[in-house]
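Numbering (the UniProt record's numbering), first residue to last: 1 to 1189.
Every residue, glycine too, gets a C-beta built ideally from N, C-alpha and C.
Heads up: the structure comes next, in structure tokens.
Written out as structure tokens, the structure reads:
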């Protein structure tokens, strides 16, 4: 809050929101149960992917879930019972991994941890050797990593926790995973309540077996998947975590997130000129003459092969040399692959090796081996890299049980590779041990550009995190996790055939190119595990049916779903590490986080009846215990069986009444009407969501998901959020900074599409101020209405009905935008444009006054339309200022005041304000033409209404209308138009040169010039009826309006129908002092300018504009002194007893000027003239009041 200008307005809005939220909670306004009546009210159920409970919610979460919040607010206005339950996700590896990291840091560094400082010697050791191009390292300077962004620059888990504002004593508790489950969920609930979300918090829970009811639900779900043949056990291709000895799922993955099933690309790196040691070792294999020997390096990232600088082998691993399968090309040389025994066995199964190879030959202890150390220092040729030769180098961390035992090196984008090369550069003893020379250590190549990290991501982060060696495992894992994820999603390839393309778009294409040119081989690593067979054709077919009936609001999202269904195959659903529910028939495994989170929306419908708290520790009102929730009970509740479980078994099922109650809840609320999410969940969670629903409820398409609304990521002030740079907002901080409603309005305005949105803090500040000012205006207007200070009764002829028509139009437009979930457009139309319509109305009625009924109508409509976005200020004003008996959240969408929209009034209003805008522009030109330093403001204006186009323009328009009709409603190109126009007889002289510029103007606004609608706006009548407004807004003393045909002189051709002309002039005037004859009021006189030709009516109008309080009821009287100028100068004060010396001015009198004598004359209708003199020549007064100065 520091550094911001006054916070009085913010504090007032915060007080309002707290009071309103307390009222909502007391009324339990968001708690809804199933309507079990004979004619149940229509329902609307929304859900949001439950956020992970390893920290507080931030702006990214809130942007996505705000879509739900706005949608449910709108559906309530449509009269639906709109339900939003909200769960809290704890399943998976991150919480357990973080807790273990904290415990490990205490074990290594004590309590509180004393992490080793990086002294100068260590920093010097980390500097690049002289052989490294300084530019390579310099490019890494100044970059910020996403790892640092998420952790605030902290590299230890303990430090990350400190960035959350936790003390060391508090952090120590987080070494237990159970504490995470107790700490963060209540904070999430608290922050969302502060935002004012319309959540039924009775229907909230945490996941994992810590909640026994949810645990029973997930077990039921997997029993049903197994029974339908969806869960299988066996070999499949997977992403495997060597550290945890289990599959690493998309949610948990440290590298390769979102790339689908595990698949290696074996890069063929050919030995170019073996060293003497290598040649001697290879000679023992009796390879045929001309045989080509390849080290095959398994990689998950074929697109990075442009950056290869070397390849790694383990010096102590004994490799096989195996022949490949025949290519069918008799002239082709025989190819041999260097790899581990394990990978050779897998290649054999996949048909990669020659037929001569068998399992027995590969497994034979007698088979000759090639020691890795014999190949170190060999030059080699690697595909795609610009280096003609790379070298085989040692790496001690290679595992014989992983991949092929050969690893390619791309130090620009692989932190392990960069750090391993640095070790060799900096440690002469290590080089000498393996015979490595400095010329073998090639510099990293910039190949992928990643926003914020540049084109040497691994170098950037290794330097930033001060990684000293390959032994700095914790930091390396953290950096590797981020580089691959950022590179895949945000990286753009800089080199090669696909330069300029996103990595995620070309990954497969690069792989295919390598395979097609026989520089690589596709290779799989099978593991035995439990998996969901999403590739099953029958299941895939029913998932496509589910997609066909799903509303995705976007063709792009629909296509993304369809593409995912094409490539999606198996998905490992079990793991051995983390938190979650045990696989019911194989409890050594946990169900992973993307598999226990696909049908939990059904659990929302009944969880409030099962338990009262988040953790399932307090049984709900039905008194059901977790052990009673057996699979057959769940089947009955979720309409998979029509027969209640029998009651002669143990455990005894819940009472029939309890089961019927839960079944009724599910039957009423299901299916899910809307699920919102970020776009990154389409290829995993959201697709699994479809698959699992149409499997569990295979025979009930009416229970499948109805709509999914996907949004992009959110930027903060145009940049990615980053704790390390301070460009980061938690939900708690955002509410304290902008208020809930200010934040919500800015979120709605941030963007709606699949592309990334932008949350702008200035917009949030502006929203806060706008809401405060609106609230103050509503209070002022409500008080004025109550006091009878505004007009009432019948509407006037134009401004009142036009304002009512604008309100009606915006009611319809805002409804459509809400229905399409286009909330930025709702803000633009339903908030800003409706407020602008109010402002226009106030301008038009500045003289006549506002109509109280219309002002109240506007306020009510504005509040209701705004209530889904800004419910706190809306409900506050609704109840406490308008004195409505119940919450605005129980209101209905406003009904238009007229059954049919008065489009003519809207056209007239638009014409009036568009014309006024043009008139202002011409006034600026009038001032610009004056050469004096202080331009004289115009005092008089003349508007000329043009009824028809000049003959040459009319002829062109006729041609364009015909061309438009011939061309399917579209105008052809200019060449075609010119050929038709040039033959017109009307185009002579200057008109011929103006023809195509006129055509260009018409093409910019075809609806204005080529519309077939006629007579929508009576321009002369409209402008004359609003002459007072035009004169006032243009700041003129006099304004005449007439038809151009009546002009005494020819007018320029710029004016057209719908585009009137205006001409300005600055006329001379003389000041006249007006004396107020009414005594005992303190206002004695005022001065006014009089222009030649002014009428009495014009002067009266001028006085009313200059002096507040003079009514327009005809009571104002103007008189002159009978004694003329001399008498006027000697008139006494007060003058109430000398009325006989004054003569009333006749209504038809006009004023004339003698500029030389500086004298004003009054000329009556008979031509008689009386001088007023240079001073007080007039008296002004009205019944019951006086003029004011």
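Option nearest residue 353 by Cα separation, candidates 499, 799, 475 and 521: 521
Grouping DSSP H, G and I as helix and E and B as strand, with all else coil, what is residue 922? helix
Could you tell me which uninterrupted alpha helix (DSSP H) segments, each at least 4 residues in length, are contained entirely in the stretch 974-1002, listed from first to last along the chain? 974-981
Considering only residues of the same chain and omitting the five flanking positions on each side of residue 423, which have a CB-CB separation below 7 Å? 430, 469 and 470
Status (buried if at least 16 other CB within 10 Å, exposed otherwise) for residue 377: buried
I'd like the span of the alpha helix (DSSP H) that includes residue 780, first residue to last. 761-786
Residues sharing a beta bridge with residue 310, DSSP: 391 and 409
Look up residue 323 in the DSSP assignment and say whether it is helix, strand or coil. strand
Residue 49 vs residue 677 beta-carbon contact at 9 Å: yes
Would you check whether the ligand ATP has a heavy atom nearer than 8 Å to the C-beta of residue 400? As for the ligand ATP, it is missing from this structure, which has no ligand bound.
Drop a sphere of 10 angstroms on the beta-carbon of residue 570, count the other beta-carbons inside from all chains shown, and report buried for 16 or more, exposed for fewer. buried
The alpha helix (DSSP H) with residue 807 in it runs from where to where? 799-819
Comparing alpha-carbon positions, which option in 312, 518 and 578 lies nearest residue 180? 578
What three-state label does DSSP hand residue 839 in the structure shown? helix
Mind the definition here: the stretch 829-848 touches the stretch 801-809 only if three or more C-beta pairs lie below 8 Å; say whether that holds. yes
Starting from residue 711 and walking both ways along the beta strand (DSSP E), at which residues does that stretch end? 708-711
Roughly how many angstroms lie between the CA atoms of residue 106 and residue 712, to the nearest whole one? 39 Å
Taking DSSP as the reference, what is the three-state secondary structure of residue 1152? strand
C-alpha distance - residue 776 paired with residue 720, whole-angstrom precision: 36 Å
DSSP on residue 76, reduced to helix/strand/coil? helix
Measuring straight from C-alpha to C-alpha, what distance separates residue 475 and residue 62? 30 Å
Any idea what DSSP makes of residue 1037, helix, strand or coil? coil
Are the beta-carbon atoms belonging to residue 271 and residue 441 less than 9 Å from one another? no
Taking the alpha carbon of residue 599 as the reference point, which residue from 645, 690, 538 and 643 has its own alpha carbon closest? 690
Ignoring anything shorter than 4 residues, give me the alpha helix (DSSP H) runs that lie fully in the stretch 349-398, in order along the chain. 359-363
Delimiting residues of the beta strand (DSSP E) encompassing residue 45: 43-47
Alpha carbon of residue 1052 to alpha carbon of residue 500, nearest angstrom: 54 Å
Could you give the distance in angstroms between the alpha-carbon of residue 748 and the alpha-carbon of residue 653? 47 Å
Measuring alpha carbon to alpha carbon, tell me which of 808, 738 and 1107 ends up nearest residue 763. 738
Counting only C-beta atoms, is residue 817 closer than 9 Å to chain B at any point? Among the chains in the structure shown there is no chain B, since it carries only a single protein chain.
Bridge-paired residues (DSSP) for residue 1088: 1072
Check whether the stretch 1058-1068 touches the stretch 997-1004, taking contact to mean three or more Cβ pairs, one atom from each stretch, closer than 8 Å. no
So, under 8 Å CB-CB, residue 370 and residue 359 are touching, yes? Tell me the CB distance rounded to an integer number of Å. No, residue 370 and residue 359 are not in contact; Cβ-Cβ is about 20 Å, not under 8 Å.
Is residue 1059 helix, strand or coil when you go by DSSP? strand
For residue 1034, which option in 923, 825, 903 and 345 has the closest C-alpha, if you only look at C-alpha atoms? 923
Would you list the one or two residues that DSSP bridges to residue 533? 570
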